[in-house]
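For the numbering used here, add 312 to where a residue sits in the sequence shown, where the first one is 1.
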Amino acid sequence: MKIAVLVLALATSTSTLAQSKSPVSDALREMINGREKNTVAAFEDMPADKYSYKPTADQMTFGHLAAHIVEANNYFCANVGDVAAPKVELKGDEGKDKLVAAMKESFAFCHTALAKADDSKMNEDIKWFDGKPRARVWAFLGLAASWADHYGAAAMYLRLNGLLPPTAKK
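Put into structure tokens, the structure is as follows:
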């Protein structure tokens, strides 16, 4: 019974996207709620005194990972939605409360930016990290990939500290 409901929901979602004029933008708009929920929960679950934790000397601290996620969300979502990114400067040592608040704000910005996303703009040039032009589609793909990568990294940091990541909890 549960499988049939899941298949029906997936088929409905897939057919809705197939009929859309912006199926990639629509997919990102559908994805963000789950990605936001799990990523923010991971950073809320980590104790404040563990924000300076890093698995090895060459890796970033958990706090720096939070700052990196804020920067990535703002950059990718601004480019996907073709809107200006907010000016936020974090180093990763601001403390749990400030970093979690900034992460929530970055996801709120993403909701606003993704509301303006339009697949017809995917071939337009944007300025990439290296300052060179790239097609906007790079930001669409980068956003989806960064959400997965960043949550995966946070989940590993949690596990290395004896905590279950949000998606592993019953």
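Just so you know, even glycine gets a beta-carbon here, dropped at the ideal spot from N, CA and C.
Item: Could you pull the DSSP bridge partners for I438 from this structure?; Value: R446
Item: For N386, count neighbouring C-beta atoms within 10 Å of its own C-beta (all shown protein chains included) and say buried if the count is 16 or more, exposed if not.; Value: buried
Item: Report the CB separation of K408 from Y469 in whole angstroms; it is logged as a contact under 8 Å.; Value: The pair is not a contact, with the Cβ atoms about 13 Å apart (cut-off 8 Å).
Item: Ignore the nearest five residues each way along the sequence and tell me which others in T351's own chain have a CB closer than 6 Å to its CB.; Value: Y463
Item: Taking the alpha-carbon positions, what's the N473 to L455 distance?; Value: 27 Å
Item: Buried or exposed, going by whether 16 or more other CB atoms sit within 10 Å of the CB of P337?; Value: What sits at residue 337 in the sequence shown is Ser, not Pro. Its Cβ being crowded by 16 or more others within 10 Å, S337 is buried.
Item: Nearest to A465 by alpha carbon, out of G375, K444 and Q331?; Value: G375
Item: Assign A456 to one of three DSSP states: helix, strand, or coil.; Value: helix
Item: Per DSSP, what kind of secondary structure is A396 in: helix, strand or coil?; Value: coil
Item: Sorted by chain position, which residues of the same chain lie with C-beta nearer than 7 Å to A390's C-beta, five sequence neighbours on each side aside?; Value: A396, A397 and A425
Item: Using 10 angstroms around the beta-carbon of F355, count the other beta-carbons present and answer buried if the total reaches 16, otherwise exposed.; Value: buried
Item: So is L411 buried or exposed if we call it buried at 16+ other beta carbons inside 10 Å?; Value: buried
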